[in-house]
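Student: 3 is the number of the first residue of the sequence shown in our numbering; add one for each residue after it. Idealized CB from N, CA, C, for every residue including glycine.
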Amino acid sequence: KSTLENAIIGDLLKSKAPSEARLILIDPKRSELQCLKDLPHTIGYADNVDKAVDLFAWAVKEMDRRYRVIQEERSRVYRGSDIYVVIDEIHPLVLSKRKGEIWQLLSLLLTQGRASGIHVIACTQCPNRACLPNTINPLFTTRIGMHCVSPIESRQVIGFKGCEAL
């Protein structure tokens, strides 16, 4: 999980200038993304649930602002820097007392964010229904499954068994 996540972020940093790609880093375990928080690409870093909710809310407001710009320009997509919301481990967020707010904000970003240039990359080591409920899982346009413990976890991530055999 960490290797793939770092490869995606590394490619973004290598191929895009800070004016082209901005990062919002959500790192509840305070281990994986902390080293990236001071990069010029980074516009926000959260190491706890409350900060994460604030950054999700900011991203939704930014999405709304971008949609107003799209409407004024009579365009279909936002012409500006992309924002990548990178969640290192989603599991602690969805088990928190603020999980309702988190799911609501994430749902908005997942369903409406792409056209406004806001993308969500969420990782987890616990691909179960508590972490990825059936109401949210299909909202991710792309899902990558790594080795899972059981076919049930594999189905939860990619929709069919197979990841348990990796």
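Beta strand (DSSP E) containing residue 121: first to last residue?
Tutor: Looking at the DSSP string, the run of the beta strand (DSSP E) that includes residue 121 is 120-124.
Student: Which residues bound the beta strand (DSSP E) around residue 44?
Tutor: From DSSP, the beta strand (DSSP E) with residue 44 extends over 44-48.
Student: What is the DSSP secondary structure of residue 68, reduced to helix, strand or coil?
Tutor: helix
Student: Suppose contacts are defined by Cβ-Cβ distances below 8 Å. Is residue 30 in contact with residue 103 by that definition?
Tutor: no
Student: Below 8 Å on the Cβ atoms is my guess for residue 48 versus residue 107; work out the distance and round it to an integer in Å.
Tutor: At roughly 12 Å, the Cβ-Cβ gap does not stay under 8 Å, so residue 48 and residue 107 are not in contact.
Student: Is residue 97 helix, strand or coil when you go by DSSP?
Tutor: The answer is coil: DSSP assigns residue 97 none of H, G, I, E or B.
Student: On a CA-only basis, which of 75, 94, 19 is nearest residue 41? Give me that one, please.
Tutor: 19
Student: Output the boundary residues of the alpha helix (DSSP H) element that contains residue 157.
Tutor: 153-160
Student: Which residue from 117, 124, 14 puts its Cα closest to that of residue 218?
Tutor: What is shown of the chain runs 3 to 168, which leaves residue 218 out entirely.
Student: Confirm, please, whether the CB-CB distance from residue 27 to residue 14 is below 8 Å.
Tutor: no
Student: Ends of the alpha helix (DSSP H) at residue 6?
Tutor: 4-17
Student: For residue 56, which residues does DSSP report across the bridge?
Tutor: Partner(s): none; residue 56 has no beta bridge.
Student: Check this for me: beta carbons of residue 45 and residue 67, under 8 Å apart or not?
Tutor: Not in contact: residue 45 and residue 67 (Cβ atoms no closer than 8 Å).
Student: Between the Cα of residue 85 and those of 61, 113, 101, 143, spot the shortest distance and give me the residue it belongs to.
Tutor: 61
Student: Looking at C-alpha atoms only, which residue of 64, 100, 5 is the closest neighbour of residue 121?
Tutor: 64
Student: What three-state label does DSSP hand residue 104 in the structure shown?
Tutor: helix
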